[in-house]
Amino acid sequence: MSEQTPSFLKAKKSLGQNFLHDNNIIHKIILAAGIRPDATVIEVGPGQGALTTKIAEKHPAQLILIEKDTRFIELLRQKLGEAAHIIHDDALRVEAHKLGQAPRQIVSNLPYNVGTQLLFNWLPHIKHFTSLTLMFQKEVAERIVAKPRTSAYGRLSVMCQWVAKCRKVMDVPPTAFKPQPKIWSTVVQLTPLDMQPAVPFEIMGKVVKTAFSSRRKMIKKNLQSLLSVEQIEACGISPTARAEELSVEEFAALARNYAEA
Ligand code: SAM
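Quick note, the sequence shown lines up with residues -18 to 242 if you use my numbering.
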């Protein structure tokens, strides 16, 4: 594996390119990811391979890279050779849960502009993954792990925590990247819950999105097109509560009621 780095490649803002160059942070991400020798490891946006070469050193059963920027494809081939399978595509179009064999692990310093959308694509299929170790902008990571009755708690928190144990791994300062972003980043890890919910993801998604459609309004108002006051009460929930006061379990009860009605 060559260590050659293409200093001539300019970062593209449109592709959320902030390249990690802090070896200590890279080491901690790899450690947190807990790469298994029997796993298919999927990395979205390998870029110039800062994380990739360290993942490869752990010799997972398979390493699959999804990169949109044409400029990095040949470079990654040179650096990794047979150690990785490279998919040159937009990760939003790739069904990551169908790649390789289980157990599957995703490890990625996600491009900021599509990070949340990618996570929403993966959540309905999360049982096909063993773990997702992902770097987001700090504000997004805070929403993923947020608890009820906080300003960060919302649709992203509920949908993630409904299907996965979500933990913050560490905050990462702008100085860890080139070029330096203006904001801090945070690594989070999602591990699918053993018991995956019976209610379809789209139903839960619809109820949660509608409940949070106006944060200041009572849920009976926001949810009036989906659930009656009686249905909300039948779930043991006060219709005058606000969405941010409801636990993930309470949202699941509302979604069950809506699905069964
Ligand atoms: N992993 C590298 C690192 O940590 O230094 C680069 C991370 S950089 C934040 C995001 C990477 O995702 C870039 O390489 C960028 O080209 C790639 N990327 C951006 N949008 C993408 C998309 N929709 N699908 C696949 N890769 C994408």
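Quick reminder that beta carbons are idealized off the backbone N, C-alpha and C, glycines included.
Can you tell me whether residue i is buried or exposed? The criterion is at least 16 other CB atoms within 10 Å of its CB, across all chains shown.
i, result
"Asn203", "buried"
"Leu12", "exposed"
"Val210", "exposed"
"Ile164", "exposed"
"Leu73", "exposed"
"Gly62", "exposed"
"Glu214", "exposed"
"Met(-18)", "In this predicted model, Met(-18) has a pLDDT of only 39, less than 50, meaning its place in the structure is not dependable; the value taken from the coordinates is given anyway. Looking at its Cβ environment, which holds fewer than 16 other Cβ atoms inside 10 Å, Met(-18) is exposed."
"Met176", "exposed"
"Lys49", "buried"
Which first and last residues belong to the beta strand (DSSP E) in which residue i is found?
i, result
"Ser166", "Ser166 to Pro173"
"Arg85", "Arg85 to Asn90"
"Ala42", "Careful: Ala42 lies outside any beta strand (DSSP E) and carries neither H nor E."
"Lys149", "Ala145 to Val153"
In this structure, does DSSP put residue i in helix, strand or coil?
i, result
"Gln(-15)", "Here Gln(-15) scores only 40 on pLDDT, less than 50, and its place in the model is too uncertain to base an answer on."
"Glu24", "strand"
"Lys49", "coil"
"Ser132", "coil"
"Val115", "Checking the sequence shown, residue 115 turns out to be Leu, not Val. Looking at Leu115 - three-state DSSP - the assignment turns out to be strand."
"Lys(-6)", "helix"
"Gln29", "coil"
"Phe158", "strand"
"Asn203", "helix"
"Arg237", "helix"
"Ile68", "strand"
"Arg223", "strand"
"Gln177", "coil"
"Leu1", "strand"
Give me the Cβ distance between residue i and residue j, rounded to the nearest whole Å; I'm assuming they're in contact under 8 Å.
i, j, result
"Val144", "Leu174", "6 Å"
"Val188", "Met140", "Actually they are not in contact, since the Cβ atoms of Val188 and Met140 sit about 11 Å apart, beyond 8 Å."
"Ile184", "Tyr239", "6 Å"
"Leu207", "Thr221", "Not a contact, Cβ separation roughly 17 Å."
"Ser166", "Lys119", "6 Å"
"Lys146", "Thr172", "5 Å"
Alpha helix (DSSP H) containing residue i: first to last residue?
i, result
"Leu99", "Gly96 to Trp103"
"His78", "No alpha helix (DSSP H) holds His78; DSSP gives it neither H nor E."
"His109", "Per DSSP, His109 belongs to no alpha helix (DSSP H) and is neither H nor E."
"Arg58", "Ile54 to Leu61"
"Ala127", "Per DSSP, Ala127 belongs to no alpha helix (DSSP H) and is neither H nor E."
"Lys187", "Phe182 to Ala192"
"Ala242", "Note, Ala242: premise wrong, no alpha helix (DSSP H); not H, not E."
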